[in-house]
Structures are given as C-alpha cells and as structure tokens.
C-alpha cells in the first residue's frame, strides 16, 4: 500500500510505502471511524429522548397522584360524616331502649311477675371504641356496638311479647271470671237455694238470685264478658238476656224492662245490657 504526499507550495510529491501491520491498522481506522461516529450519534439521540420521556411521565404521575389524593380526601370526609350520623342514631336507639327497660321493669313490678323470667334491669349495652368525646367511633367498634344493641333489642322484644301475652291472658281470665253484682245500687231480695214460693207458699228451690233497687229503670250490667245467646221474652223470666261465658258458665238477667243487646253480640264485663223492670 502506498501513500502519496503532495507539497502544494513547491509542487513536489513524496511516496510512502506502507507494509505489514501498519497497513492493516490504517485500514481499520479509516473504515471504523464512520461506524463509530454513527453509533455514538444514535446513543446520544436515545439518551435525549429518554430524558424527555421521564420528565413528562413524572409530571403526569404527579398530577394523577394529586387528583387521587383529593378524591380520597373527599371519600374520607363523606365516610366520617356518615359514621357520625349513624353514631348519633345509635345513641338515640340506646336512649329509647333505656326507657323501654324502665317501662318493662315497672310492669313486672306492678303485676308481681317473676323478675328472673322477665329481667329488664340488665344494663343497656353502651360499649364501643373509647369514651372520649373527641374521638369518633371506629368502623369495627361501631359495627360491634350495633350488633350488641340489635341483640339486646331482640331480647327485649321477645320478653315484651311474652309479657303482653301473659297480661292479655290475665285480662281475659279476669273478664270472663264471674264476680260482682249486675246492679250498681240495690240489695239482694232472695238468695239461691230453698225458699217459700211467693205464689204457692210451698218450699221450692230458687235457682237464681233476686236483686232489687226499689225502682224500675236502673241499669243491668254483665258480671263477666261473654256472648249473648238469648235476648227477648222467655217463660218464667219475662224479658231476659242470657250470656255464655265459656267453660260451661252462663248467666241470665231476667225481668227486664228494656233490652239493649241481640243474640250473637259480644259483651264486656260491666257493660249495660238492659234496664230493671
């Protein structure tokens, strides 16, 4: 391989002959320089593009994170407001339950019921996460308090339903129990049993009780609740009302001046059904 050097000032030329490894090294340098320049240019372009992409991505992420933080704060505020409202509702239910227990306990005391069976003196479940007024209920603590209150309300409801049934039975038994007099004022003129017949003078069995007020028109009242099975004139009784009280018991109100009930009517204890004749 030869290199020719030209001197432009004097017009002389000089020839250099390259041999061996020098020729190979020079060839490599001449051929590799363009490739190296292209590679370094490509890397520089990629590096600049990467810097621009990273900055834009960071700005987008920052904006998205800010939006998400604002949304999260809004959700948190809404949740806190809802929890405060539910906490207030829970407190109101607890207050109502306290009054309900007071009523139940008073009823059991007045009616002499077994306090072991109907116990309204147990404390209302006021548990929950903390008692400091500056702290709100936590979600887990609130749910636990609601569960306890629900269980307590269910227990009180069951007790009151049973208590209501027992009081109803007592009232029914009291209403159908035959007791008292059919007249507010008056006295017994003739008792049940043996007596001289007022018409024949013979000793006969009197199967009723005669009441007198000394005047007609006084109110005749039932001595127990029941169903009217007769209302009208009847031989030996005049105008009469018959009331069936169940369990085989029947009362008759005879010698009336006027009747106020019909067959099939349900009458209550103490109800005015006729006037004295």
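Residue numbers (the working numbering): 72 to 348. Heads up, the beta-carbon is just placed ideally off N, CA and C, and yes, glycines get one too.
Residue 319 versus residue 160 - alpha carbon distance: 54 Å
- prompt: Are residue 315 and residue 297 closer than 8 Å when you measure CB to CB?
  reply: yes
query: Should residue 266 be flagged as near chain C, meaning a C-beta pair shorter than 8 Å?
result: No chain C is present in this structure, which holds just one protein chain.
- prompt: Nearest CA to the CA of residue 251: which residue from 228, 268, 274 and 295?
  reply: 295
query: Which one of 229, 261, 263 and 164 has the shortest CA to CA distance from residue 218?
result: 164
- prompt: For residue 313, which beta-bridge partners are listed by DSSP?
  reply: 301 and 323
- prompt: Whose C-alpha, out of 275, 311 and 233, is nearest the C-alpha of residue 321?
  reply: 311
query: In chain order, what residues of the same chain lie with their CB nearer than 6 Å to the CB of residue 301, ignoring the 5 residues before and after it?
result: 313
- prompt: Helix, strand or coil for residue 333 per DSSP?
  reply: coil
message: Quick check on DSSP: helix, strand or coil for residue 342?
response: coil
task: Could you work out which residue in 345, 225 and 127 is closest to residue 171 when comparing CA atoms only?
output: 225
task: Report whether the distance from the Cβ of residue 150 to the nearest heavy atom of the ligand NAD is below 7 Å.
output: Annotation note on the ligand NAD: not contained in the displayed structure, which lists no ligands.
- prompt: DSSP beta-bridge partners for residue 132?
  reply: In the DSSP output, where bridge partners are listed per residue, residue 132 has none listed.
message: On the DSSP letters alone, give me the boundaries of the beta strand (DSSP E) that residue 290 sits inside.
response: 290-292
message: How far does the beta strand (DSSP E) with residue 281 in it extend, from its first residue to its last?
response: 281-283
query: Taking the alpha-carbon positions, what's the residue 136 to residue 227 distance?
result: 51 Å
message: Alpha carbons only, please: which of 282, 154 and 299 is nearest the one belonging to residue 335?
response: 299
task: Check whether the Cβ atoms of residue 257 and residue 293 sit closer than 8 Å, and answer yes or no.
output: no
message: In this structure, how does DSSP classify residue 259 when only helix, strand and coil are distinguished?
response: strand
query: Which whole-angstrom value describes the C-beta separation of residue 328 and residue 287, a residue pair presumed to lie in contact below a C-beta threshold of 8 Å?
result: 6 Å
query: Rounded C-beta distance between residue 268 and residue 278? I'm assuming under 8 Å.
result: No, residue 268 and residue 278 are not in contact; Cβ-Cβ is about 12 Å, not under 8 Å.
task: Please go through the same chain and pick out, in chain order, the residues whose beta-carbon is closer than 8 Å to the beta-carbon of residue 254, but skip the five residues on each side of it.
output: 282, 284, 289, 290, 291, 292 and 347
query: To which residues of the same chain is residue 236 closer than 8 Å at the C-beta, ignoring the five residues directly before and after it?
result: none
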